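The block underneath contains the structure these notes are about, expressed in structure tokens.
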Amino acid sequence: MQTTADTGRPIIEVNSLVEYFDVVERGILRKKKIGDVHAVDNVSFHISEGETLGLVGESGCGKTTTGKVILYLEKPTSGSVLFEGMDVFETFENRHQTDQKLLRRRMQMVFQNPYNSLDPRMTVYDIISEAFVIHRNIPKSQWTDRVYELLRMVNLEEYHAERYPHEFSGGQRQRIAIARALAVDPKFVILDEPVSSLDVSIRAQILNLLIELQRDKHLSYLYISHDLSSVRQISQRVAVMYLGEIVELARADEIFDKPLHPYTQALISAVPVPDVDHKTTRIILPGEVPSPINPPQACRFHPRCPHATNICKQTAPKFEDKLIEGHFVACHHADKFV
Amino acid sequence: MTDYLTPSTRDSVNEWAHRLPEKLLEISNLRTYFFTEAGVVKALDGMSLEVNKGQAVGLVGESGSGKSVTAQSVLRIVPRPGRIVAGSIKFEGEDLLSKSDDDMRKLRGPKMAIVFQDPTTSLNPVFTVERQLTDILMLHRDLTKEAASKRALSLLERVGIQEPEKRLKAYPHELSGGMKQRIAIARALSCEPILLFADEPTTNLDVTIQAQVLELLKQLQKELNMTMVMITHDMGIIADMTERVTVLYAGKVMEVADTPTLFHSPKHPYTEALLKAVPSVKQTRALEVIPGNIPNLIEPPSGCVFNPRCKYAKDICMKQEPPLEEVEEEHYVACHFWRELKLEGRAG
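Below, the structure is given as structure tokens:
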């Protein structure tokens, strides 16, 4: 596939994605389903070529599940994902393995914890070249050169290829995980909290590396994180999730400077700012995120929302951009915050 | 609100303490080493720290910088194979290192306490919340079981736990992370300590819950006029919660200053680099990278420990360890070149 300079073209389109997990009660003989965990509920977005979409939210809001379902690492309940026009779920359910492998090569993932995501008994060479074994995308005679090239790409040295994961620091391991993801020349990479387990001084290294690689390889990213500061740093657009739903989606500077959803406002105000002159006016939300097994009716945020009125308890707000074009928000009272 | 834990008897003392800074904790030249099979890990290597009464002080650093070991050393709970090998720790003028284990036990709780990072592991899973709180009160305060329970209940109210009667009977696994951390705070405060160590108390919590817990700590610190040492890697928490900061790197003090001074005019290259390497929700900027990795503490770099990653390093930095010098009033820096370097702070 050729790389196009046209960045407006969506590389991935997620439509009404739903993922429920069964809640079961185990009896002596049989299991009985007693409910659903609404992990992801009617999530839609697209990502353009060369773009980074940040997906933020607190633990349990469904952001990682969204990423996994897009790659068909979890079976979706309903909805569809189009990758360059190709139906991802249909391909994995009905089509031939060659098509499935093609998709796997186009879409890759980097996980949060590089201590778990790398096999401790494989050398770095084996970890990276495993992709070539599976995908047979390059002849064996070129494997070594390609592994070295990938290592240099992530600022590691050639001699690192012969080492094992335990010989590396967290930041270096995350570089190996990135090299492995890039081994098959993907166009779209899901980054699931790639810097959260790293030290402060190492985070900047990895963030800058990801931005550089994106520019050089024209990659598209879905950047999943609870760390809003790093999301602002890397994303062009940001989606905010709460209890399985996207409540706001807009350009990064709009989300951070003029958030329209009360949850986004509270979330951003809660982040400590590394600036002594910054006056903190924290919006403290009462209580905790409710259980996704029985999410609140209508607007899911209403029990914790400082602006909630009767309508919020009765009807679910529409997710639309009628106030500011391209700034989607699901709140009955969003017009107050424009 | 109950009147328990509100300062009454300490009022007069506190007023006095405000007028004249009184040294509560003085650590000097502390060395805490871990004698592992791979070699001696110099977790703290000549660490010094002074904390005045009523102050909120920050200890900032990355993993392996020695921030947690500092708290463990003061409380004398350094885990094996670690040992304090040199230095002195004075608390209220008394030398802690010469105290017997029994005497230390009497200090931990009533005089100083700690809130750990992970409330899931710091609370005992087989005891109810009530038992974990009353045990301490019965031991240190000589209360009957009933009186201790009553106090435990008011403590839970104090740290903002909903339905405290119900939570008192709960086991830790029945509670959320934020609630567990509130209980850990209640436990630490149960005997009204003078000094509280908060060791990354919000690192495992979600952002909105972190905001709740930080707000609670701030409020409690002010109301009880408690001295707090906030241990964190997050410059945002430092900016928000502390008056004075000590920057640690590889077991050594790099810089000590009042928080605004540290942010506006850092004098150590590591502080400058750290300030420029952290992103902010308020704006985007090019992040400056600190090259390399955190040093191995078994064989730390010779000379200045930061020299392999320092962009200003010269020959002398590899050979000679810089002393911690007072560069202006109450501002200490360990760098050979603090006079020459024009470092940038973090404006905005």
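Chains as they are written, first to last, in this note's numbering: chain Z, 92 to 429; chain X, 16 to 363. Cβ coordinates follow ideal geometry from the N, Cα and C atoms, glycine included. Predicted, not measured: the structure shown is a model, and the values here were computed from it.
{"Asked": "CA nearest to the CA of Val322 of chain Z, picked from Z:Ile297, Z:Arg100 and Z:Glu336", "Found": "Z:Ile297"}
{"Asked": "Boundaries of the beta strand (DSSP E) in which Tyr312 of chain Z is found, first to last residue", "Found": "Ser311 to Ser316"}
{"Asked": "Contact under 8 Å by Cβ, Ser292 of chain Z with Leu74 of chain X", "Found": "no"}
{"Asked": "Cut-off 7 Å between Cβ atoms - residues of its own chain near Ala32 of chain X, not counting five sequence neighbours on either side", "Found": "Low confidence applies here, because Ala32 of chain X scores a pLDDT of 49, under 50, leaving its location unreliable and the question unanswered by this model."}
{"Asked": "Residues bridged to Glu104 of chain Z (per DSSP)", "Found": "Z:His137 and Z:Leu173"}
{"Asked": "8 Å Cβ cutoff, Gln324 of chain Z in contact with chain X", "Found": "yes"}
{"Asked": "Gly193 of chain X versus Leu229 of chain X - alpha carbon distance", "Found": "11 Å"}
{"Asked": "Short CB-CB distance (under 8 Å) between Asn299 of chain Z and chain X", "Found": "yes"}
{"Asked": "Burial state of Met311 of chain Z, where buried means 16 or more other Cβ atoms lie within 10 Å", "Found": "The sequence shown places Ser at residue 311 of chain Z, not Met. So Ser311 of chain Z counts as buried."}
{"Asked": "Option in Z:Arg196, Z:Arg342 and Z:Glu303 with minimal Cα separation from Glu271 of chain Z", "Found": "According to the sequence as given, residue 271 of chain Z is Arg; it is not Glu. For the residues Z:Arg196, Z:Arg342 and Z:Glu303, the minimum Cα distance to Arg271 of chain Z belongs to Z:Arg196."}
{"Asked": "Cβ neighbours of Ile200 of chain X in the same chain (closer than 8 Å, five flanking residues each side left out)", "Found": "Val130, Val174, Pro216, Val228, Leu231, Leu232 and Leu235"}
{"Asked": "Partner residues on chain X for Ala341 of chain Z, Cβ-Cβ distance less than 7 Å", "Found": "Neighbours of Ala341 of chain Z on chain X: none; closest Cβ ~15 Å, over 7 Å."}
{"Asked": "8 Å CB neighbourhood of Val55 of chain X in its chain, flanking five on each side removed", "Found": "Tyr48, Phe49 and Ile313"}
{"Asked": "Three-state secondary structure assigned by DSSP to Ser452 of chain Z", "Found": "Look at the range of chain Z in this structure, 92 to 429, and you will see that residue 452 of chain Z is not part of it."}
{"Asked": "Members of the segment 260-271 of chain X near chain Z, C-beta cut-off 8 Å", "Found": "none"}
{"Asked": "Contact with chain Z by Asn308 of chain X, beta-carbon distance below 8 Å", "Found": "yes"}
{"Asked": "Test: Leu7 of chain X CB closer than 8 Å to a CB of chain Z", "Found": "With chain X running from 16 to 363 in the structure shown, residue 7 of chain X is simply not present."}
{"Asked": "DSSP state of His418 of chain Z mapped onto helix, strand, coil", "Found": "strand"}
{"Asked": "Buried or exposed (CB count within 10 angstroms, at least 16 for buried), Pro281 of chain X", "Found": "buried"}
{"Asked": "Minimum Cβ-Cβ distance from Glu184 of chain Z to chain X less than 8 Å", "Found": "no"}
{"Asked": "Buried/exposed call for Pro338 of chain X, threshold 16 Cβ in 10 Å", "Found": "exposed"}
{"Asked": "Residues near Met16 of chain X by beta carbon distance below 6 Å, same chain, minus five either side", "Found": "For Met16 of chain X, the predicted model reports a pLDDT of 42, less than 50, meaning its position is unreliable; a value from the coordinates is still stated below. Around Met16 of chain X: no qualifying Cβ."}
{"Asked": "Distance between Thr159 of chain X and Ile253 of chain X (C-alpha atoms, nearest Å)", "Found": "40 Å"}
{"Asked": "Segment contact, 8 Å Cβ cut-off, at least three pairs: the segment 281-292 of chain Z with the segment 215-232 of chain Z", "Found": "no"}
{"Asked": "Rounded Cβ spacing between Glu189 of chain X and Asp273 of chain X (contact assumed at less than 8 Å)", "Found": "At roughly 43 Å, the Cβ-Cβ gap does not stay under 8 Å, so Glu189 of chain X and Asp273 of chain X are not in contact."}
{"Asked": "Where the segment 169-197 of chain X meets chain Z: residues whose CB sits under 7 Å from a CB there", "Found": "Ser191 and Gly193"}
{"Asked": "CB contact flag (Ala222 of chain Z, Val275 of chain Z, <8 Å)", "Found": "yes"}
{"Asked": "Contact set for Val338 of chain Z: own chain, Cβ-Cβ below 6 Å, skip 5 residues either direction", "Found": "Val331, His352, Tyr354 and Ala421"}
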